[in-house]
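Asker: What follows is a structure written as C-alpha cells; I'll ask about it next.
Residue numbers (this note's numbering), protein chains in the order written: chain A, 1367 to 2438; chain B, 78 to 568.
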C-alpha cells in the first residue's frame, strides 16, 4: 500500500476533474475511480466528469477497459484531470492460465483469451457453442440444434485414434468433469474464457491436458463499484440453413417411381415392360394401393407411358401434407439475466440470476434453465483470503422427435416420399377425427406405407414425452494464506453435483407402446465430483529477476449412480410416475461408476528483465483406470520466450511495438477415452432360469497405461505500428502421440475382436494464425478485421504391432469410410471409387484395380486386391509387399468387385478458421463473424440416402434424381432408376460418388448495437443502456444445399441430424 | 510474521486432510462384475461357477454378440437361423421396408467379404467357442474328467456348445464337405494369437471327440431345465455332425437312441399349430426360456418373424414360406394350416406356427415367447435320412411315417417310394416340418440339393442355385483376413 507521508491536516475535501483519452482528448465516460484502500468509489459521467470526497495523501486509482490504469496521489489541488493512455497491446492484460495468472507479455505458452463480448452476442445456452471461430486451431462442432446441446470441441487436430479427443474444461480453477455439463454455467456469468493449446500451457494439467484446456472464469465484484446489470434478450429460432432439396410434388415422385418399375421390367426381360410397370406400381412390391392418392384405379390409368408422367386430368383424392410444415415450428427464445456486484477492499461479491427459455424449430424440442450464482471473496485477516463460488442451475429439456431411428422427424421430412399423408384418410380422402386426443388421426403407415411403416415421428413427438430435468450445483471454496510476502499457501475444494431425472413416456393409444397400453422408461442419474487442491507458491523479485515456484497436490474423483426402471400399462396417459403403471416390462437396474485421479505437480516461472522468460512444469498423475503397476505417469514441459521488443534495438522502433518469440516442448497425457475398467476381464450379470448367468463382457488389457504425447511448438506474437495497427500471432506445433490408445483389431476367430493397447504413433502438426488489423481508429468511427485459421496435418507414423507376426499391422479398416495405416491420416478416405454411369445402359460403374501380372491389360482371376485371392486382403498390404506391381484399373458394374482403396482425399481441410469485421460509428456498433473451411472432403450420406435406387414408395429422392439416365446415349452421373433391381442395388453404397467437397462459408454471427448516452437516463440513475439485434447461423454456403460439414468431426452428414438453429435476437442491457 | 506458527498449524491440518489412502486409486465396477471380484464371490457361492456356463447360454440369445452396435439382425443363434433360412430360400422376404436381410436375399454379402453380414456369424460363433474354451480350461482342460459331478456336467455342456458352434461354422463358411480343405482356425484353448486354418477333417474329428466326451460326461446329468444341454442334446448335435461326414450308421444309432430313450414325445397336430412359443412343449429337446429378465425387444427372432410381436414382420418386412414349398404341402396336412392362406395382406406368413399367444397384431413388446433350438422331430427325420442313406429303406419309411401320421397325413404313400424318391421325400418333409427353424439350409447341404426360388420372392425368382455355390456360403470376413496373417484367401 502506497502511503505517502507528508505534513498536512487530515482534512476531507472534494476533488473533481475530467478524465480524457490521451490519444484523442475526448472525455471518457464510465471510468471507475476508487480511493485506494477504501470502499469509496465513483464513476465518470457521460462528459468524463467526476467528483469525490478524499483526504490529501490518499491515492485515486483510475481504471477503464482498454486503458492503462493510472494512480494519482491527492495533493493540494482540488482538481485532478487525468488523460488515460490507450492500452494498445494490452500487454499487462492478465491472462488466467493453469493454477495461476500471467500477463500476455510474460506467458511463455499459447493461450488465447476470448473477448467475452464476442461470446455474449451469440445466443447459446453454453459457452462451448459460442467459441466457434474465436480461436485459431479450435474447431467447434455444433452437432445438434437441440437447445441446450454442448458442442464438440477439437483443439489442434485429433490427439488420439480411439481415445478421448475432448479438451478439459476448468471452471474457476477446478477441473470440470463432463463436457455436456458445461450447460450448468450460464454464459452471462463468465468473465473470461481462455483456451490453452501448447504443452507449456497444458502440461500442468498432466493427464488431462493433451487435448487442450478451456479455462472459464466467472465474474467477481469490483471494489468500490456497486453495479446492477439487467440484460433481456428475446428472439426466435428458425430453420434457416438450407435442407436437402427433395422432390415435393407427388406427381413428379410417382412418375419417377413408374419409370423405375419400367426399367426394372426391361432389366428383368419382361416382354411388355410398360404393362409390368403399370401392374407393379401399386401393389405388394410397389406403393401400397391404400396410398394411391389419385382418383384412378391403377398405374396404367395414372401414368402416360410416353411422357412417363401423370396423365393430364388425373385428380387427387386428397392433398398429402408437407410434413415439414407440421414437424417444424417457429420457436421463441427468451433470456433474462440480472446481476449485482460490488465490494470494498475486504469483500467482493457478485450475484446473478438467469432465466432462459429456448425452443428449437423442431416441435417439442426445448430447453429451459433457471440459474443462479454467488461469488464471494473476503479477507478476514491481512494474511488470509477466503472465497466461495457457487453456481446452481435447474434445467428441463424436451427432446422429442430426434432419435436416430424411425422416431426421427428429420428422417421423415427429408426421406418420406411426398405421396404419403401425415393424417390418415378414409376411402373418400377425408381425415378421420381423433376421439382420444382431438384433431385428426395421424397415419402410422399401417396400411403398407413403404416408408417408416407403423411409425409417425410427428405424432410421437406430440403424443409421447422425452424429458430430462436436472438440478445442478457446482462451486468451490478456497483459502489463500500468505505466510510471508513471498510465500503463500492455497487450498481449494471444488465440487460438481447433479441429479438428472429422465423419462420417456409412450402413450397407450397410438404408436410403439399401444400394444403395451403405454410404457415408461425412467432413468435417474446422480453425479458427484470433487476436487481437492493444496498448493504452495513462492514469488520473488530482485534486480531484474522475477521468480515464481509452485508445488501442489490435487485429488479428483467422481461417482455416478444410475437407476433405471421400465414399466407398461398406464392408468393415466401422462403421469410419469411408476405407480401409474402396472407391469414391470424389464428388470430395474442400478449401478455405480467411479473414477479417481491423484496428482502431484510443480512449476517454475522465471524471467529476467522482462525480456527472457522461462517456464517449466512437471506433473505426476495416478489413475484408477489402470491396474497397479501402470497407474502412474509423469508429464511435464519446458518453455521459453524472448520479448524482442523490450530489447534496446527494437525499443524505439516505430514499426514493431511488440514482438515475442516463443518455443516449448512437453509431454502430456490422456486417459479419459479408455473407459473406466479397461484392464480387467469382466462378465455381465444375468438371470437365466433364476440362476446366475455370467456371460463374457470385456477382455481387458492389464498392461494398459497412459497415452502420452510429446508436443513441440514455436511461435511469435506481435504488434506492429505505434498505434497497434496490426496485432497477431503465429504458431507452429508438432504433437506426436505415442503409446496411442488404439483399439487394435484382432482376428475375430480368437474370440476377442478388439484389444485396446498402447501402441502406434500419431502425429498432428500444424500452423495457426490469428491477425487483427485496426483499419480505422477515429473518434467516432472504427473498423477492424480479424482473421484466424489453422492448417493441419495428421498422420499415423506407426501402426500397432500384430502379435502373431510381431510386425506393425498393415491396415485397420474398422472406421467406416476411413482406414488406419502408416503414412495416412486417420481421416483419409478409404472406399470404392465411383467410375460414373455407362451411357449405353445407364448402370453404375466403379473401378476395379488389379496387378496386371500377365500384362494383357485386363483383369484376370487372381489379379485383384479386395477379393482376397491375391493373398493379402488389402491393396495397401499388397503394394507394400509387391512394390513393382503393374497396377491397372478397369470399370466394373459389380460393386463387390470394385477395389476398396485410399482415394487420395481427406476429411481434413487445407485451412479452416474464421474472420470477423467489427465497426463502430458514433453510438452504433456492428460486427459480423464468418467461418470458413477450404480444401477438405466429407461423405454426404444423407444425400446418398436420397439418391438410392429405392423400391417404389420406399424413399424420397433428391431433385438431382431428375438428371438420371433415361435412354442410351445419356451422359449423366446419375444411374438409371430400376426399383432396386438386384444388380443395381449398390448404387448408393459407400463410394466416392458421395464424397463431397466440404468447403463452406458461414455467417456465424452478426450484431448491430446502439448505446444510449444521454443525461436524461443518467438523471434516472441509469449508467448505460445498450440495445442490439443479432443473428446466429444466418447462412451457410456449401457444395450442396442441406450439406453442412460443420456439424460433425469428419464433416459427414447424417439423415437424423438436427441441423443447427438460426437465431434472431433482440436485446437490451441496462446498467445501473 | 508472528502468525507463522498459527499458520503452519493451519496449513499442516489441511495437508493432513489431503493424504489419500493407499487404495484411493482402486475402483471396481458394479454395472457388471470383474473376473477378480467374481473369483472372490465364488469362494462363498459356488453357484457362480456354473453361472459362467449359463452365461454362454445367455450369449446365445443376447443382442450385439455378432459385434455390432446394434444391427437389428444381430441377436445370436436364432439370428443366424434366419440367415440360413433365407439362404435356403425356404423363407421369403415378401416385402422390404426397413431393409434388414434384403441384401442377403439378393446374395450380395455372400459375394462381398467386406460386408458385416459375413462378420456377424463368424464373430458370434467364435465368441461362443472362446467362452466354452474358458470354461473347459477352468475345469482342467480338454482331457480332464472332473471328480465332482457338477463340474463334469458343466464340462460336458461346454464341449457340446463348442462343437455346436464349430458345426455351424463349417456349414456357413465352407462350400461343401471336403475333408482335406483347410477351412477354419481351430481354437481349443482360450489363447489370443492368430491361428491358421485346420482341415475340415481335423475340425470334424474334434467335434466328434468333443461330443463323444460330452455324451459320456453328461450320462448321469439330470438337467433342471431345457435351456441346458443334456446327453440327448449332445447326441442330437452329433447326429447332425455324422450326417455331414456321411457316417450314417452312427447317425442312425444315435437318433434311435434319442427317440427311444430321450423321453421326448413328438408334437401332435395341436402342438404344431400351438405357437412354437413354449419351451415346455414336450417335443422340444433344447431351447431357451425367454423371460423379461433377458430384456429382449424388437431386436430378437420374434421381433423379426412374428406378426403378433412389435416386429419387422408387422412393420412391412414379412417373412413367409416359399410359394413352391407351400404348394408342396398336401391340403390335408395340418402343417399347411401353419401358414396364412388367404391372398392379400399377410399371405403365407407363419401366423399359426410362430405367434405370441395373445395373438394381438404387433402386441408383444418385451419378448417372453421362447426360442427352440432342437426338437425330437428333427431326430425322426435325421433317423429316416440315415436309414435311407444307409440302405434301410423300410426303416426310413417307418420313421417318416411315424412323423407324418402325427401331421394328419396317411403315410401309406411312402411304400411307393424308394431310392432317390424316398430321399427326396425325406428332404421335402424336413423342409416342411422344420420351416423357419434354421434347419433347412443344413438339410440342403446334407442332401446336396439345389434351391429354386418360388414366385413370391422379391428377387432371383426361378433361379436355381446348387448347395455348394458361392452365393450360398458366407465369406470369411474382411476383419479375419486383415487381422489374421495366416489367412489370405477365401474357402
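Virtual Cβ for every residue (Gly too), placed ideally from N, Cα, C. All values reported here derive from a predicted model rather than from experimental measurement.
Taking C-alpha atoms, which residue in 1535/A, 2045/A, 2081/A and 2077/A lies nearest to residue 2068/A?
Answerer: Along the first chain, one-based indexing puts residue 2068/A at 702. Considering only alpha carbons, the answer is 2045/A.
Asker: For residue 225/B, is the classification buried or exposed, using 16 other Cβ atoms within 10 angstroms of its Cβ as the cut-off for buried?
Answerer: Counting from 1 along the second chain, the entry for residue 225/B is found at position 148. Counting Cβ neighbours within 10 Å, residue 225/B comes out exposed, since fewer than 16 surround it.
Asker: Where residue 1660/A and residue 515/B are concerned, what is the direct C-alpha to C-alpha distance, given to the nearest angstrom?
Answerer: Along the first chain, one-based indexing puts residue 1660/A at 294. Along the second chain, one-based indexing puts residue 515/B at 438. C-alpha separation (whole angstroms): 43 Å.
Asker: With a cut-off of 8 Å, does the C-beta of residue 363/B fall near any C-beta of chain A?
Answerer: Position 286 of the second chain holds residue 363/B. No, no contact with chain A.
Asker: When you compare the CB of residue 1398/A with every CB in chain B, is at least one pair closer than 8 Å?
Answerer: Stepping through the first chain from its first residue, residue 1398/A is reached at position 32. So no, residue 1398/A is outside the interface.
Asker: Three or more beta-carbon pairs under 8 Å between the segment 1677-1685 of chain A and the segment 1695-1703 of chain A, yes or no?
Answerer: Segments in contact, no.
Asker: For residue 1372/A, I'd like the list of residues in its chain whose CB is within less than 7 Å of its CB, leaving aside the five on either flank, ordered along the chain.
Answerer: The sequence position of residue 1372/A within the first chain is 6, counting from 1. A caution first: residue 1372/A carries a pLDDT of 46, below 50, which makes its placement in the model unreliable, though a value can still be read off. Result list for residue 1372/A: 1423, in chain order.
Asker: Using only the alpha-carbon positions, how far apart do residue 258/B and residue 500/B sit?
Answerer: Against the second chain, residue 258/B aligns to sequence position 181. Against the second chain, residue 500/B aligns to sequence position 423. Distance between the alpha carbons of residue 258/B and residue 500/B is about 27 Å.
Asker: Of the residues 2142/A, 2076/A, 1829/A and 1972/A, which one's Cα is nearest the Cα of residue 2284/A?
Answerer: Along the first chain, read from residue 1 onward, the residue named residue 2284/A stands at position 918. Per the Cα distances, 2142/A.
Asker: Should residue 1688/A and residue 1614/A be called a contact, given that it needs their Cβ atoms to be closer than 8 Å?
Answerer: Within the first chain, numbered from 1, the residue matching residue 1688/A stands at position 322. Within the first chain, numbered from 1, the residue matching residue 1614/A stands at position 248. Going by C-beta atoms, residue 1688/A is nearer than 8 Å to residue 1614/A.
Asker: So, are the CB atoms of residue 2117/A and residue 508/B less than 8 Å apart?
Answerer: What you label residue 2117/A is simply residue 751 of the first chain in a count that begins at 1. What you label residue 508/B is simply residue 431 of the second chain in a count that begins at 1. For residue 2117/A and residue 508/B, no; Cβs fall outside 8 Å.
Asker: If the criterion is Cβ atoms closer than 8 Å, does the pair residue 142/B and residue 153/B meet it?
Answerer: By one-based count along the second chain, residue 142/B stands at place 65. By one-based count along the second chain, residue 153/B stands at place 76. Cβ distance < 8 Å, so residue 142/B and residue 153/B count as in contact.
Asker: Compute the distance between the beta-carbons of residue 1823/A and residue 1894/A, then report whether it is under 8 Å.
Answerer: By 1-based counting over the first chain, the position of residue 1823/A is 457. By 1-based counting over the first chain, the position of residue 1894/A is 528. Here residue 1823/A is not near residue 1894/A, since their CB atoms are 8 Å or more apart.
Asker: Hey, quick one: how far does the alpha helix (DSSP H) through residue 2247/A stretch, first residue to last?
Answerer: Your numbering for residue 2247/A matches position 881 in the first chain. Where residue 2247/A is concerned, the enclosing alpha helix (DSSP H) stretches over 2241-2247.
Asker: Flag residue 2058/A as yes if its beta-carbon sits less than 8 Å from any beta-carbon of chain B, otherwise no.
Answerer: Counting from one through the first chain, the residue named residue 2058/A turns up at place 692. Cβ-Cβ to chain B under 8 Å: yes for residue 2058/A.
Asker: Spatial neighbours of residue 1853/A within its chain, please: C-beta separation below 6 Å, excluding the five flanking residues on both sides.
Answerer: Against the first chain, residue 1853/A aligns to sequence position 487. These residues qualify, in order along the chain: 1904.
Asker: When you compare the CB of residue 199/B with every CB in chain A, is at least one pair closer than 8 Å?
Answerer: One-based indexing of the second chain puts residue 199/B at position 122. For residue 199/B, the answer is yes, since a Cβ of chain A falls inside 8 Å of its Cβ.
Asker: Report the rounded CA-to-CA distance for residue 1640/A versus residue 534/B, giving the unit in angstroms.
Answerer: By 1-based counting over the first chain, the position of residue 1640/A is 274. By 1-based counting over the second chain, the position of residue 534/B is 457. If you take the alpha carbons of residue 1640/A and residue 534/B, they lie about 21 Å apart.
Asker: Residue 2136/A by DSSP, collapsed to three states: which one?
Answerer: Position 770 of the first chain, counting from 1, holds the residue named residue 2136/A. Three-state result, residue 2136/A: strand.
Asker: Can you tell me which of the three DSSP states residue 1502/A falls into?
Answerer: One-based indexing of the first chain puts residue 1502/A at position 136. Coil at residue 1502/A, not helix or strand.
Asker: When we look at the beta-carbon of residue 553/B and count the other beta-carbons within 10 Å, is it buried (16 or more) or exposed?
Answerer: In the second chain, the residue the question calls residue 553/B occupies position 476. So residue 553/B counts as buried.
Asker: Would you mind reading off the limits of the alpha helix (DSSP H) that contains residue 379/B?
Answerer: Within the second chain, residue 379/B is the residue found at index 302, counting from 1. Start and end: 378-382.
Asker: Look up residue 332/B in the DSSP assignment and say whether it is helix, strand or coil.
Answerer: The residue given as residue 332/B occupies position 255 in the second chain. Helix, per DSSP.
Asker: Assign residue 1957/A to buried or exposed, taking buried as 16 or more other Cβ atoms, counted over all protein chains shown, within 10 Å of its Cβ.
Answerer: Indexing the first chain from 1 puts residue 1957/A at position 591. Residue 1957/A is exposed by the Cβ-count criterion.
Asker: Just to check my reading of the structure: residue 169/B and residue 399/B have Cβ atoms closer than 8 Å, yes? What is that Cβ distance to the nearest angstrom?
Answerer: Translated into positions along the second chain, residue 169/B becomes position 92. Translated into positions along the second chain, residue 399/B becomes position 322. For a cut-off of 8 Å, the C-beta gap from residue 169/B to residue 399/B is around 5 Å, short enough to register as a contact.
Asker: Does the beta carbon of residue 141/B sit closer than 8 Å to a beta carbon anywhere in chain A?
Answerer: For this step, residue 141/B is matched to residue 64 along the second chain. It does not; no Cβ of chain A falls within 8 Å.
Asker: Quickly, what does DSSP pair residue 2445/A with across the bridge? List them, please.
Answerer: The structure shown has nothing for residue 2445/A, since chain A only spans 1367 to 2438.
Asker: Inspect the beta-carbon positions of residue 2416/A and residue 2365/A and report whether they are closer than 8 Å.
Answerer: Counted from its first residue, the first chain places residue 2416/A at position 1050. Counted from its first residue, the first chain places residue 2365/A at position 999. Taking 8 Å as the Cβ cut-off, residue 2416/A and residue 2365/A do not qualify as a contacting pair.
Asker: Could you tell me which chain A residues have their CB closer than 7 Å to the CB of residue 586/B, listed as they occur along the chain?
Answerer: Outside the modelled stretch of chain B, which goes from 78 to 568, sits residue 586/B, for which no answer is possible.
Asker: Is it the case that the Cβ atoms of residue 370/B and residue 2053/A are separated by a distance below 8 Å?
Answerer: By one-based count along the second chain, residue 370/B stands at place 293. By one-based count along the first chain, residue 2053/A stands at place 687. Yes; because the gap between Cβ atoms is below 8 Å, this pair is in contact.
Asker: Which same chain residues, not among the five before or five after residue 1566/A, have their C-beta less than 7 Å away from its C-beta?
Answerer: In the first chain, the residue the question calls residue 1566/A occupies position 200. 1474, 1475, 1981, 2003, 2005, 2030 and 2032.
Asker: Helix, strand or coil for residue 1597/A per DSSP?
Answerer: As a working mapping, residue 1597/A is identified with position 231 in the first chain. Strand at residue 1597/A.
Asker: Around the Cβ of residue 256/B, are there at least 16 other Cβ atoms within 10 angstroms (buried) or fewer (exposed)?
Answerer: On the second chain, residue 256/B is found 179 positions in, with the first residue counted as 1. Exposed, because fewer than 16 other Cβ atoms sit within 10 Å of the Cβ of residue 256/B.
Asker: Starting from the beta carbon of residue 269/B, find every residue of chain D whose beta carbon is closer than 9 Å, and list them in chain order.
Answerer: Among the protein chains of the structure shown, namely A and B, there is no chain D.
Asker: Look at the alpha carbon of residue 1558/A and the alpha carbon of residue 1923/A, and state the distance between them as a whole number of angstroms.
Answerer: Counting from one through the first chain, the residue named residue 1558/A turns up at place 192. Counting from one through the first chain, the residue named residue 1923/A turns up at place 557. Their Cα atoms are separated by approximately 26 Å.
Asker: Just verifying my parser: in three-state terms, what is the DSSP assignment at residue 1402/A?
Answerer: Position 36 of the first chain holds residue 1402/A. Residue 1402/A: coil per DSSP, three-state reduction.
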